[in-house]
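Count along the sequence shown from 1, add 191, and you get the number used in our numbering. Backbone N, C-alpha and C define an ideal beta-carbon position, used for all residues, glycine too.
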Amino acid sequence: MPRLTLTAFILWSSVGSLAAQSGFWAPFVPPHARYQIECRFNTPTELSGNETIHFRNTTKRAMERLALAWSLGPNKTVSVTADGKPVVVLFPPGDKQSNSPLLLQLPESLQPGAELELKVEFRNADQGNLDKGNWLWQSWYPQLWWGFGTADDYEARFTVPSGWGLATSGVLEPSSGIWRGKDVRDFAVWIFDEKKYVVDRAAAGDVPVSVVHTAAVQSALSWCFRPPSM
């Protein structure tokens, strides 16, 4: 119990510090958000995309500022509109780069019960080491920040370079090419070189299952999944 108390104190101290400096506040129960993302991997370690974030202010207090789990710098950019109107990114005085969380000034206050649609364009590049032929992307997209993790809904579609595949936190809908995740805390993406990895597909009832592995473990997997002897 002391460990849980300490964790909660650290999280809320972080939110309180940001609020004291910026006027930002986070509700105890944040709104449930829906993310729709289109992402293109220009290379396995560089991506660009656009997303729509939709949520309703389920609190009893107006929201004038929001925060994104995102940073700005030479390898990361972002631009945001709220219901079609530009959103101002608030920087520390004299600074045009910012660490996460990124503070946003809404063009109009979001009143209790009102809905908001954020349109976000972003670019993210990482100096990854691809010697093993794969790269795990976490926090690859701008996400609403409330000081702690939230479970939200996702629809994401990806374009990857030729010869590369990917796996995500969601479930693929083959007819649309959309990966869907419901009540997901973080929508991670793992991209891999198809020359170094093998994808085996099967089904568990009506649920499709894909297993990604190196060719070196093919024989071991074949042994694990072999039919039982009579």
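- Item | Straight-line Cα distance separating residue 305 from residue 402 | 43 angstroms
- Query: Between which two residues does the beta strand (DSSP E) carrying residue 296 extend?
  - Reply: 293-301
- How many Å lie between residue 239 and residue 333 at the Cα? 11 angstroms
- Message: Is it buried or exposed, residue 327, if we count other Cβ atoms within 10 angstroms and call 16 or more buried?
- Response: exposed
- Below 8 angstroms on the Cβ atoms is my guess for residue 298 versus residue 336; work out the distance and round it to an integer in Å. In fact, because the Cβ distance is near 19 angstroms, the residues do not count as touching under 8 angstroms.
- Query: Any idea if residue 221 is buried or exposed, counting beta-carbon neighbours within 10 angstroms, 16 or more meaning buried?
  - Reply: buried
- Message: Can you give me the C-alpha to C-alpha distance between residue 347 and residue 254, rounded to a whole angstrom?
- Response: 27 angstroms
- Task: Can you say whether residue 364 is buried or exposed, counting buried as having 16 or more other CB atoms within 10 angstroms of its CB?
- Result: exposed
- Message: Please return the same chain residues whose Cβ sits closer than 6 angstroms to the Cβ of residue 314, not counting the five positions on each side in sequence.
- Response: 239 and 268
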